[in-house]
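I have placed the structure first, in the form of structure tokens, so that the comments after it can refer back to it.
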Amino acid sequence: MQPIWEQRWHPWRREWVIIAAHRSHRPWLGEKTRLQKNNKVPAYEPTCYFCPRNKRVSGQINPDYKQPYVFVNDHPPVGPQAPEVEEQAGKLFRRRRAS
Numbered sequence: 005m006q007p008i009w010e011q012r013w014h015p016w017r018r019e020w021v022i023i024a025a026h027r028s029h030r031p032w033l034g035e036k037t038r039l040q041k042n043n044k045v046p047a048y049e050p051t052c053y054f055c056p057r058n059k060r061v062s063g064q065i066n067p068d069y070k071q072p073y074v075f076v077n078d079h080p081p082v083g084p085q086a087p088e089v090e091e092q093a094g095k096l097f098r099r100r101r102a103s
């Protein structure tokens, strides 16, 4: 799916707002689980996108890090690769590229 990043004019707020419709296609949708009292979080999980040496959603392999590590966001809401959108300049519905 091509990312849909655009800005839309919000007439009541009188400002541009960012719409990132593609964010609903990320691998994690916010579900949460509760650990039991005796359950411990494993030191390594082979299916975890963030564990050392595991494959990321982007296809990159994580380094074998031992300390805190900063990840590049595989699903950014906006950025320089934002697709071109046909700008519309109506009274109620206006949109432009979000970059």
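Read left to right, the sequence shown gives residues 5 to 103 (this note's numbering). No residue lacks a Cβ here, since even glycine has one placed at the ideal position from N, Cα and C.
- An exposed status is given to Trp16, since fewer than 16 other beta-carbon atoms sit within 10 Å of its beta-carbon.
- Taking all protein chains in view, the Cβ of Gln11 is crowded by 16 or more other Cβ atoms within 10 Å, so the residue is classified as buried.
- DSSP lists Trp9 as the beta-bridge partner residues of Ala24.
- By the beta-carbon neighbour count (other beta carbons within 10 angstroms, threshold 16), Ala102 is buried.
- Boundaries of the beta strand (DSSP E) harbouring Arg100: 98-101, taken from the DSSP string.
- As the crow flies, the alpha-carbon of Trp13 is around 9 Å from that of Ile22.
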